[in-house]
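Participant: Quick note: the sequence shown uses my numbering, first residue 24, plus one each step. Ideal Cβ placement from N, Cα and C applies to all residues, glycine included.
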Amino acid sequence: MNISTTPLVIFNVLAGLASIFGLYFAFAASRRAGAAAEAAKEAKQAVREANAVEELRRLAGIANEMKKEIQDSEWRTARLRCDDLAHGISFGKQRWKALTPSEASGQLESALARINTLSRAISEDPGGISEETRSKLLGVCHDIFIKLADAAGRMQQLVEGEEHDRST
């Protein structure tokens, strides 16, 4: 080995080492990017779950308002609340299908069936609704409220269980 080739050999060795380090850093960056993408996906899922729970709580609040309106014989607003609930539950059932535990899904189905029954009952002439019928309607409203609150609680429990599993 002569003096004129020594710098070239040193340069080639350094270039080889730089290539190896470059490959290592590219691999490490790729792994971090994959981890960041997975974290973003988990965050998006957590937001969807939290939104579903919050929407169910909101629907339970509407059911409670509807109960008060039936109690006060405010039939027009009670019918509007009934429509809001039917729309919200129907839409939510499909949107949250993958997020909803089977027990909560059953509660939503049952609540929707009760809302449909209630809607037919209050869509008729409100003057013809007796106190006994109104008392039954209030029971139906309470049942709907409980089913929605229970579904929200079950979904919240599922979300909190997943959060606990992720943190351990």
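Taking DSSP as the reference, what is the three-state secondary structure of I43?
Facilitator: In the sequence shown, counting from the first residue as 1, residue 43 sits at position 20. DSSP places I43 in helix when its eight states are reduced to three.
Participant: A83: buried (16+ other C-beta within 10 angstroms of its C-beta) or exposed?
Facilitator: Stepping through the sequence shown from its first residue, residue 83 is reached at position 60. The Cβ neighbour count for A83, taken over all protein chains shown within 10 Å, is at least 16; the residue is labelled buried.
Participant: If we ignore side chains and look at the alpha-carbon of each, how far apart do F48 and G39 end up?
Facilitator: Residue numbering aside, residue 48 sits at position 25 when the sequence shown is read from its first letter. Residue numbering aside, residue 39 sits at position 16 when the sequence shown is read from its first letter. Between F48 and G39, the C-alpha separation is close to 14 Å.
Participant: So, helix, strand or coil for D166, using DSSP?
Facilitator: One-based indexing of the sequence shown puts residue 166 at position 143. Here D166 sits in helix by DSSP.
Participant: With 16 other CB atoms within 10 Å as the buried threshold, where does A41 fall?
Facilitator: Position 18 of the sequence shown, counted from the first residue, corresponds to residue 41. So A41 counts as exposed.
Participant: Roughly how far, in whole angstroms, is the beta-carbon of S113 from the beta-carbon of L79, given that I think they are within contact range, below 8 Å?
Facilitator: Here residue 113 refers to the residue found at position 90 when the sequence shown is read from its first residue. Here residue 79 refers to the residue found at position 56 when the sequence shown is read from its first residue. So it is not a contact: roughly 13 Å between Cβ atoms.
Participant: Who are the near neighbours of A174 in its chain, counting only those whose CB is closer than 6 Å to its CB and skipping five residues on each side?
Facilitator: Translated into positions along the sequence shown, residue 174 becomes position 151. Result list for A174: L79, A127, Q130, L131, in chain order.
Participant: Name the two residues that bound the continuous alpha helix (DSSP H) containing W119.
Facilitator: In the sequence shown, counting from the first residue as 1, residue 119 sits at position 96. Careful: W119 lies outside any alpha helix (DSSP H) and carries neither H nor E.
Participant: For the region 60-69 against the region 99-110, do three or more pairs of beta-carbon atoms, one drawn from each stretch, fall closer than 8 Å, so that the two count as touching?
Facilitator: no
Participant: Does the region 27-36 come close enough to the region 84-99 that 3 or more CB-CB pairs lie under 8 Å?
Facilitator: no
Participant: Please report the distance separating the alpha-carbon of L141 from that of R54.
Facilitator: For the purposes of this step, residue 141 is taken as residue 118 along the sequence shown, with counting starting at 1. For the purposes of this step, residue 54 is taken as residue 31 along the sequence shown, with counting starting at 1. L141 and R54: Cα-Cα distance of roughly 55 Å.
Participant: Does DSSP put I145 in a helix, in a strand, or in coil?
Facilitator: Here residue 145 corresponds to residue number 122 of the sequence shown, with the count starting at 1. In this structure, I145 counts as helix in the three-state DSSP scheme.
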